[in-house]
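These notes concern the structure reproduced below.
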Amino acid sequence: MNKDRELFGLLLIILSTVAVLAALGMVFLYAPRETTMGDVQRIFYFHVASAWVGFFAFFVTFLSGIGYLARAERRWDILALSSVEVGLAFITMTVITGSLWARPVWGTYWTWEPRLTISAVQLLIYVAYGMLRSALENPEKKARLSAVYGIVAFVTVPLSWFAIRWWRTIHPDILTGGGGMAFTPRMGYTLLVSLAAFTLLYVTILRQRIRLERSADALARLRAHLETNYIGGSHV
C-alpha cells in the first residue's frame, strides 16, 4: 500500500511538472502577442490560473470545515489547514502577477478599486486563519473554531468574483470580453492548459502538505508516548 502511494505521488509530481512546462511553452510560444498590451499580456495566463486555484483551495477549506463540524474527524481539519496554506501561496501569486500586469497597462501597480480591495482583504483574512490556529492550544477547540472561520471566510470568494459585475471597476471581465483585450481561440486554449496545469500543481502540493501534517501528528504522538512512559518514569 505504501509503495502504491509513493508511486502515485511520484506520478503526480511528474504529471504536474510536465503540465506546467507545457503551459509555459504555450504561453510564450503558442499564444499570440496581444495587439493592445503586447507581451505583458502573457502574465494574464499565470494571473488567472493562480486566482482560480486560490479560489478553489478556499472552497476545499470551506467544504472541509463543514466536514469537520459534521464528523469531528482530524482528517477534515488537516485538509482545511493544508488547503488554506496552499491557497494563500496561489492568491499571493495572483496579487503579485496582477500588480506586474497593472503597472504597464494602468500606469500603477495598485489602485483601491473594488476587486483589488476585496483581494487585499481576502488575503489578510486567510492569513488571520493561520494566526488564529497558532493562538489556540487545545486541538479540538482549534479545529472547531478554524472550521467555522474557514466557512465564514469563504464569502470573500464570491465577493471577489462578482465585484467586477456588481460595481464599476477597471478590472477586466474576461468572460464577457471586457478589458479591451482581443481574446482569440489560441489564447483560450492556452488559458485552459494553464488552468489545468495549475490545478494539478495544487493537488500535488496539497498532497505533500497533508503528508507533512500527518507526519507532525505522528511525531507528536510518539513524543507524548515517550514522555509518558520513559521521561515520566512510568516505564518498567
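The numbering used here applies: residue 1 is where the sequence shown begins, and numbers increase by one. No residue lacks a Cβ here, since even glycine has one placed at the ideal position from N, Cα and C.
For GLU227, three-class secondary structure by DSSP: Translated into the one-based positions of the sequence shown, residue 227 becomes position 227. If DSSP states are grouped into helix, strand and coil, GLU227 belongs with the helices.
Counting beta carbon pairs with one atom in the region 66–86 and one in the region 101–117, are three or more of them shorter than 8 Å? No contact exists between the region 101–117 and the region 66–86.
Could you give the first and the last residue of the continuous alpha helix (DSSP H) run that contains THR2? Here residue 2 refers to the residue found at position 2 of the sequence shown. The identity of residue 2 in the sequence shown is Asn, whereas the question assumes Thr. Looking at the DSSP string, the run of the alpha helix (DSSP H) that includes ASN2 is 2–25.
Does GLY107 come out as helix, strand or coil in the three-state DSSP assignment? Counting from 1 along the sequence shown, the entry for residue 107 is found at position 107. Note: GLY107 maps to coil in three-state DSSP.
Quick check on the DSSP output: the alpha helix (DSSP H) that includes MET70 runs from which residue to which? Looking up residue 70 in the sequence shown gives position 70. The sequence given here has Ala at residue 70, not Met. Unbroken alpha helix (DSSP H) run through ALA70: 43–71.
How big is the Cα-Cα spacing for VAL27 and VAL203? Position 27 of the sequence shown, counted from the start, is the residue given in the question as residue 27. Position 203 of the sequence shown, counted from the start, is the residue given in the question as residue 203. Rounded to whole angstroms, VAL27 and VAL203 show a C-alpha spacing of 22 Å.
Stretch pair the region 206–220 + the region 72–86: three plus CB contacts closer than 8 Å: As far as the Cβ criterion goes, the region 206–220 touches the region 72–86, which means the pair count is three or higher.
Delimiting residues of the alpha helix (DSSP H) encompassing LEU116: Translated into the one-based positions of the sequence shown, residue 116 becomes position 116. Judged by DSSP secondary structure, LEU116 falls within the alpha helix (DSSP H) whose first and last residues are 114–135.
C-alpha distance - ALA153 paired with ALA147, whole-angstrom precision: Reading the sequence shown from its first residue, position 153 is the one you call residue 153. Reading the sequence shown from its first residue, position 147 is the one you call residue 147. Distance from the CA atom of ALA153 to the CA atom of ALA147, rounded to whole angstroms, is 10 Å.
Kindly indicate which residue of ALA19, ALA31, ARG75, SER16 has the alpha-carbon position closest to the one of GLY188. Here residue 188 refers to the residue found at position 188 of the sequence shown. Check the Cα spacing between GLY188 and each of ALA19, ALA31, ARG75, SER16: the tightest is with ALA31.
Could you check whether the region 190–204 touches the region 12–25, counting it as contact only if at least three pairs of C-beta atoms, one from each stretch, sit closer than 8 Å? Below 8 Å, enough C-beta pairs join the region 190–204 and the region 12–25 to call them touching: three or more.
N-terminal and C-terminal residue of the alpha helix (DSSP H) that ALA31 is part of: Taking the sequence shown and counting its residues from 1, the one referred to as residue 31 is at position 31. In this chain, ALA31 is not harboured by any alpha helix (DSSP H), its DSSP state being neither H nor E.
Have a look at PHE183 and VAL40 and give me their C-alpha separation to the nearest angstrom. For the purposes of this step, residue 183 is taken as residue 183 along the sequence shown, with counting starting at 1. For the purposes of this step, residue 40 is taken as residue 40 along the sequence shown, with counting starting at 1. Across the structure, PHE183 and VAL40 are spaced so that their CA atoms are roughly 14 Å apart.
Per DSSP, GLY38 forms a beta bridge with which residues? What you label residue 38 is simply residue 38 of the sequence shown in a count that begins at 1. Partner residues in the beta bridge of GLY38, as assigned by DSSP, are GLU34.
Beta-carbon gap between LEU136 and LEU124 smaller than 8 Å: As a working mapping, residue 136 is identified with position 136 in the sequence shown. As a working mapping, residue 124 is identified with position 124 in the sequence shown. Contact annotation: LEU136 and LEU124 have beta-carbon atoms that are not nearer than 8 Å.
Determine whether the beta carbon atoms of GLY130 and GLY87 lie at a separation below 8 Å. Stepping through the sequence shown from its first residue, residue 130 is reached at position 130. Stepping through the sequence shown from its first residue, residue 87 is reached at position 87. With contacts defined by Cβ atoms closer than 8 Å, GLY130 and GLY87 do not form a contacting pair.
Looking only at its chain, what residues have a beta carbon closer than 6 Å to the beta carbon of LEU159, apart from the 5 residues adjacent to it on each side? Taking the first residue of the sequence shown as position 1, residue 159 is located at position 159. Only ILE118 meet the Cβ criterion.
Please classify PHE154: does DSSP put it in a helix, a strand, or coil? Start at 1 with the first residue of the sequence shown, and residue 154 comes out as number 154. Correct three-state label for PHE154: coil.
If you reduce the DSSP assignment to three classes, tell me which class THR184 lands in. Your numbering for residue 184 matches position 184 in the sequence shown. It is coil, neither helix nor strand.
ALA128 burial status per 10 Å Cβ neighbour count (16 or more: buried): Locating residue 128 in the sequence shown gives position 128, counting from the first residue. So ALA128 counts as exposed.
Have a look at LYS141 and PHE44 and give me their C-alpha separation to the nearest angstrom. Within the sequence shown, the letter at position 141 stands for residue 141. Within the sequence shown, the letter at position 44 stands for residue 44. A straight-line Cα-Cα distance of about 41 Å links LYS141 and PHE44.
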